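To start, the structure itself, in structure tokens.
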Amino acid sequence: MSEIRQNEHIKVEEATNKQVIMQKTLNWFVISLLVATLGAAVGNSLNPAWFIPLVILEFALLIAAIVIRRKRELSRTWGFPILLAFACVTGLMLGPTLTYYFSAGAGTAVLLAFVTASVTFTVLGFIGAKMKTDLHFLGKAIFAALIILVLFSLFSIFIPLGGFSMIIAGAGTLIFSLYILFDFNQIMKRDVTIDDVPMLSLSLYLDFLNLFLFLLQLFTGRD
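Residue numbers (our numbering): 16 to 238.
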């Protein structure tokens with residue numbers, strides 16, 4: 016009987032720890048969105064000459080995030096700075112894009128894309144976190160689909176194929192919707208700790224950002 020109670024106590028403690036990690040992850044996700052919003056506001060007035068340096072910096076931060084994700088001891092020191100720096104850089108790059116859409120009379124589409132992304136993120140996140148099934152088996156399939164999407168996106172840059180960009184946008188919307196479901200599920204199912212919070216928040220931030228951008232492309236019909 017005492018062993019059963021001990022096992023139940025361990026399960027309750029694990030569930031509590033997961034809830035704490037999830038809450039902290041969501042808190043930092045919201046903070047990263049706020050930082051990106053501030054970055055976008057500043058990005059409106061940036062000289063276009065900054066674009067290439069920002070792209071290089073963004074890739075450098077992504078590589079740093081990959082390294083940190085594999086070494087938890089680095090996350091304690093560098094996790095949050097990398098998260099906030101990445102959010103700021105992507106915000107700076109997003110600012111001119113949003114300004115373009117608003118100036119082109121597509122402000123309603125921007126707001127609709129944001130609301131749709133927010134609702135989708137919330138609903139799929141809740142479902143993923145509450146699912147009893149471990150979706151770990153989907154990881155490789157979604158990643159393979161993402162690689163194919165990136166390759167087709169690069170191909171369409173050099174060889175435009177008319178409405179093909181809308182197909183890519185639809186596929187991107189589906190892929191990152193699945194990633195939201197997957198990432199929330201893995202936070203609850205995998206062996207994660209407080210040290211993983213910065214990179215977990217970064218994953219959710221990337222899911223939301225890419226979903227928003229693909230929805231924006233769908234709603235505006237622009238590349």
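Here a beta-carbon is modelled for each residue, glycine too, at the ideal position from N, C-alpha and C.
Keep in mind it's a predicted model, so treat the numbers as computed, not measured.
Which stretch, first to last residue, makes up the alpha helix (DSSP H) that contains residue i?
{"i": "ARG205", "result": "Per DSSP, ARG205 belongs to no alpha helix (DSSP H) and is neither H nor E."}
{"i": "TRP65", "result": "Where TRP65 is concerned, there is no enclosing alpha helix (DSSP H), given that its DSSP letter is neither H nor E."}
{"i": "GLY140", "result": "122-145"}
{"i": "PRO96", "result": "87-118"}
{"i": "PRO213", "result": "212-235"}
{"i": "ILE260", "result": "Given a span of 16 to 238 for the chain in the structure shown, any question on residue 260 remains unanswerable."}
What residues in its chain sit with their C-beta under 8 angstroms from that of residue i, if we drop five residues either side in the sequence?
{"i": "ILE209", "result": "VAL35, ILE36 and LYS39"}
{"i": "LEU48", "result": "ALA102, TYR220 and PHE223"}
{"i": "LYS204", "result": "ASP149, LEU150 and HIS151"}
{"i": "ILE202", "result": "LYS33, ILE36, MET37, THR40, ALA144 and LEU215"}
{"i": "GLY94", "result": "ILE83, ASP210, VAL212, PRO213 and MET214"}
Rounded C-beta distance between residue i and residue j? I'm assuming under 8 angstroms.
{"i": "GLY154", "j": "PHE197", "result": "7 angstroms"}
{"i": "LEU230", "j": "THR188", "result": "6 angstroms"}
{"i": "ASN200", "j": "GLY143", "result": "4 angstroms"}
{"i": "ILE83", "j": "LEU89", "result": "5 angstroms"}
{"i": "LEU76", "j": "ALA100", "result": "6 angstroms"}
{"i": "PRO213", "j": "LEU98", "result": "5 angstroms"}
{"i": "ALA56", "j": "LEU109", "result": "At roughly 10 angstroms, the Cβ-Cβ gap does not stay under 8 angstroms, so ALA56 and LEU109 are not in contact."}
{"i": "LEU228", "j": "PHE136", "result": "Not quite, the Cβ-Cβ distance comes to about 13 angstroms (not below 8 angstroms), so this is no contact."}
{"i": "ILE195", "j": "LEU139", "result": "4 angstroms"}
{"i": "LEU126", "j": "GLY58", "result": "Contact doesn't hold; Cβ gap of about 18 angstroms is too wide."}
Got a sec? Which residues, its chain only, sit under 7 angstroms from residue i by beta carbon, not counting five neighbours each side?
{"i": "SER218", "result": "ASP198"}
{"i": "SER168", "result": "ILE183"}
{"i": "THR235", "result": "TYR116, ALA121 and ALA124"}
{"i": "ALA186", "result": "LEU164"}
{"i": "LEU72", "result": "VAL104"}
{"i": "VAL45", "result": "none"}
With a CB to CB cut of under 6 angstroms and the five nearest residues on each side skipped, what residues in its chain are close to residue i?
{"i": "ALA160", "result": "ILE190"}
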